[in-house]
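Novice: Have a look at this one before I ask anything.
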Amino acid sequence: GCEKEAGSSMWIYVLLGNLLRGIGETPIQPLGIAYIDDYAIEENAALYIGCVQTVAIIGPIFGFLLGSLCAKLYVDIGFVDLDSVTITHKDVQWVGAWWLGYLIAGVISVLAGIPFWFLPKHLPKTESRKDSSTSSEQSKFITEDNKDQHKPYQQQAKISEMAKGKLLEFLSWPLNFLPSLKNLFGNPVYILYLCASIIQFNSLIGMVTYKPKYIEQQYGQTSSKTNFVIGLINIPAVAFGIFSGGLIMKKFRINVLGAAKLSLGSSFFGYLLLLSLFAMGCENSDVAGLTVSYHGTKQITDYEQALFSECNSGCACSKNDWDPICGEDGVTYISACLAGCQASNGSGKNTVFFNCSCVGTSESPSQSSSAVVGPCQKGNECPKMFLYFLVISVITSYTLSVGGTPGYILLLR
1 GCEKEAGSSM WIYVLLGNLL RGIGETPIQP LGIAYIDDYA IEENAALYIG
51 CVQTVAIIGP IFGFLLGSLC AKLYVDIGFV DLDSVTITHK DVQWVGAWWL
101 GYLIAGVISV LAGIPFWFLP KHLPKTESRK DSSTSSEQSK FITEDNKDQH
151 KPYQQQAKIS EMAKGKLLEF LSWPLNFLPS LKNLFGNPVY ILYLCASIIQ
201 FNSLIGMVTY KPKYIEQQYG QTSSKTNFVI GLINIPAVAF GIFSGGLIMK
251 KFRINVLGAA KLSLGSSFFG YLLLLSLFAM GCENSDVAGL TVSYHGTKQI
301 TDYEQALFSE CNSGCACSKN DWDPICGEDG VTYISACLAG CQASNGSGKN
351 TVFFNCSCVG TSESPSQSSS AVVGPCQKGN ECPKMFLYFL VISVITSYTL
401 SVGGTPGYIL LLR
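Throughout the sequence shown, residue numbering follows UniProt numbering, covering 1 to 413 in sequence.
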């Protein structure tokens, strides 16, 4: 058949929508957290920030559940006859109604932004906040060059008029850089926070970005079930971990150095647990022509990883079509054509292919057999391994999140 090129411009709307969403979400972290830290009692600030971060984590729970629901709905729902769709949401070719989640979440975001218009710009500060001075840990970050910036405006104006002085100051900047850098890396609080941040970003970003697809491919789960599991199990563990971090800070009155140690410790142990997840997994599925050879027939060429064999040489199959079927021999075939199937019965999701010359039976590998729509399921041990994966994943998410609130306190102070 003729090959069609994608001509949709929907990606432009998605790009602009995400750009607008980023503009709206960006002020929440620097301004919202600073708003709480400025006007809350110092010993309660960590708990309040932990509560806010916990609530912020609860949102993705409903987001993943909504994504799980939308993933079960066909992408063109309302525009096509669903009875004519030949695949289910369990098929790898299924495309869910991804746009529906954006529409629902966008309306909720607009409604949620209305109460922010009624918040006061300033709140009365407590006496402890008014009289508080710069802590000893924070003062280590202030270099002599930074102190010069706080001189009276008149003196700074005079210096700015001296072109020669500014030129010398600019030329001396490379000479002052190394001493300033040495002073910065000599601060233990900064080093602890830097190490904790590196570990957290290295683990959390990769886990959040690739975890759903990893579960789908490694454990054979559908996209809807993957979103449901992450939203119902992992996200609450993250929320509880962030809240626990704030509660620990308040309960034990941990100072800045203690917060740095707590953040680094939780990040390090969480990262070790994350690495242990790579030791688990299911065996790769057998795909004819990719991971295993065709049963009972020899390969006629090594081209394209031996997708073609004697059993399908007369079928004029395309190597680019991914329409998997599961043979009676437990092997997944890229398409019914490459499996050498010559007849079929039924329609849509219930189609059964017969006289598949490449599919061998256990009794006689050379005898033609049948196949059904969709890839073959993983082995019997896979559900058990998936359960172990979920348990360790929950513990990992909680451990990594405990250092979240102490990290915010370090960033603010």
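From the three backbone atoms N, C-alpha and C, an ideal C-beta is built for every residue, glycine too. Quick caveat: nothing in here was measured; it's all calculated off a predicted structure.
1. Using only the alpha-carbon positions, how far apart do V372 and V229 sit?
2. Taking DSSP as the reference, what is the three-state secondary structure of S133?
3. Since G340 and C358 should fall inside the 8 Å C-beta cutoff, what is the C-beta to C-beta distance between them, to a whole number of angstroms?
4. Inspect the beta-carbon positions of T396 and I242 and report whether they are closer than 8 Å.
5. In angstroms, rounded to a whole number, what distance separates the CA positions of N312 and C337?
6. Taking W99 as the reference, which of D83, H89 and C70 has the closest Cα?
7. Alpha carbon to alpha carbon, how far is F269 from L65?
8. Enumerate in chain order the residues of its own chain whose CB-to-CB distance from A45 is below 7 Å, with the five nearest sequence positions on each side excluded.
9. For the pair the segment 210-224 and the segment 385-399, tell me if three or more CB-CB distances fall below 8 Å.
10. Given 8 Å as the limit, is there contact between the segment 231-241 and the segment 395-412, that is, 3 or more CB pairs closer than that?
11. Measure the alpha-carbon distance for P30 versus L175 and round it to whole angstroms.
12. From the DSSP output, which residues share a beta bridge with S369?
13. N234: which of A259, L204 and I254 sits nearest, CA to CA?
14. For V287, which residues does DSSP report across the bridge?
15. Measure the C-alpha to C-alpha separation of T226 and L181 and round it to an integer number of angstroms.
16. List the endpoints of the continuous alpha helix (DSSP H) containing S223.
17. Distance, Cα to Cα, S347 vs G50?
18. Among I57, A105, A34 and V80, which one has its Cα closest to the Cα of G67?
19. Does the beta-carbon of K121 have 16 or more other beta-carbons within 10 angstroms, so that it is buried, or is it exposed?
20. Are P406 and M249 closer than 8 Å when you measure CB to CB?
21. Look up G340 in the DSSP assignment and say whether it is helix, strand or coil.
22. List in chain order: all unbroken alpha helix (DSSP H) runs of 4+ residues lying wholly within the segment 31-91.
23. Drop a sphere of 10 angstroms on the beta-carbon of F278, count the other beta-carbons inside from all chains shown, and report buried for 16 or more, exposed for fewer.
24. So V287 and I334 are supposed to be a Cβ contact under 8 Å. How far apart are they, rounded?
25. For K213, count neighbouring C-beta atoms within 10 Å of its own C-beta (all shown protein chains included) and say buried if the count is 16 or more, exposed if not.
26. How many angstroms separate the CA atom of Q149 from the CA atom of L103?
27. By alpha-carbon positions, which one of A34, G330, Y210 and N202 ends up nearest to Y408?
28. Within its chain, find whatever has a CB closer than 6 Å to the CB of F354; leave out the 5 residues flanking it on each side and keep chain order.
Specialist: Put simply:
1. Along the sequence shown, one-based indexing puts residue 372 at 372. Along the sequence shown, one-based indexing puts residue 229 at 229. Cα to Cα, V372 sits roughly 28 Å from V229.
2. Numbered from 1 along the sequence shown, position 133 holds the residue referred to as residue 133. Per-residue confidence for S133 stands at a pLDDT of 45, beneath the threshold of 50, marking its modelled position as unreliable; the derived number appears in the next sentence. Reduced to three states, the DSSP call for S133 is coil.
3. The sequence position of residue 340 within the sequence shown is 340, counting from 1. The sequence position of residue 358 within the sequence shown is 358, counting from 1. That pair is a contact at about 4 Å.
4. As a working note, residue 396 is residue 396 in the sequence shown. As a working note, residue 242 is residue 242 in the sequence shown. Contact flag unset, no.
5. If you number the sequence shown from 1, residue 312 lands on position 312. If you number the sequence shown from 1, residue 337 lands on position 337. Going by the C-alpha atoms only, they are around 7 Å apart.
6. As a first step, residue 99 must be located in the sequence shown, where it is residue number 99. Nearest option by C-alpha distance: C70.
7. Walking along the sequence shown from the start, residue 269 turns up at place 269. Walking along the sequence shown from the start, residue 65 turns up at place 65. Cα to Cα, F269 sits roughly 29 Å from L65.
8. To locate residue 45, count along the sequence shown from 1; it is residue 45. So the list reads I36 and D37, once near-sequence residues are dropped.
9. yes
10. yes
11. Here residue 30 corresponds to residue number 30 of the sequence shown, with the count starting at 1. Here residue 175 corresponds to residue number 175 of the sequence shown, with the count starting at 1. Using only the alpha carbons, I get a separation of about 33 Å.
12. Position 369 of the sequence shown, counted from the first residue, corresponds to residue 369. According to DSSP, S369 bridges with C356.
13. Residue mapping note: residue 234 aligns to position 234 of the sequence shown, counting from 1. Minimum Cα distance to N234 is reached at L204.
14. Position 287 of the sequence shown, counted from the first residue, corresponds to residue 287. Paired residues: T332.
15. Taking the sequence shown and counting its residues from 1, the one referred to as residue 226 is at position 226. Taking the sequence shown and counting its residues from 1, the one referred to as residue 181 is at position 181. Distance between the alpha carbons of T226 and L181 is about 45 Å.
16. Taking the first residue of the sequence shown as position 1, residue 223 is located at position 223. S223 to V229 is the span of the alpha helix (DSSP H), which, as asked, contains S223.
17. The sequence position of residue 347 within the sequence shown is 347, counting from 1. The sequence position of residue 50 within the sequence shown is 50, counting from 1. So the two alpha carbons sit approximately 54 Å from each other.
18. Locating residue 67 in the sequence shown gives position 67, counting from the first residue. Ranking the options by Cα distance to G67, first place goes to A105.
19. Numbered from 1 along the sequence shown, position 121 holds the residue referred to as residue 121. K121 comes out exposed.
20. Mapped onto the sequence shown, residue 406 falls at position 406. Mapped onto the sequence shown, residue 249 falls at position 249. Contact: yes.
21. Taking the sequence shown and counting its residues from 1, one reaches residue 340 at position 340. G340: coil per DSSP, three-state reduction.
22. 33-39 and 42-72
23. Translated into positions along the sequence shown, residue 278 becomes position 278. Exposed.
24. As a first step, residue 287 must be located in the sequence shown, where it is residue number 287. As a first step, residue 334 must be located in the sequence shown, where it is residue number 334. With 8 Å as the limit, V287 and I334 qualify as a contact, their Cβ atoms being about 7 Å apart.
25. Mapped onto the sequence shown, residue 213 falls at position 213. K213 comes out exposed.
26. Locating residue 149 in the sequence shown gives position 149, where the first residue counts as 1. Locating residue 103 in the sequence shown gives position 103, where the first residue counts as 1. Caution applies to Q149, whose pLDDT of 47 falls short of 50 and renders its modelled position unreliable; the value that the coordinates give is listed next. Each residue's alpha carbon lies about 48 Å from the other.
27. Here residue 408 refers to the residue found at position 408 of the sequence shown. Minimum Cα distance to Y408 is reached at A34.
28. For this step, residue 354 is matched to residue 354 along the sequence shown. Hits under 6 Å: A343 and S370.
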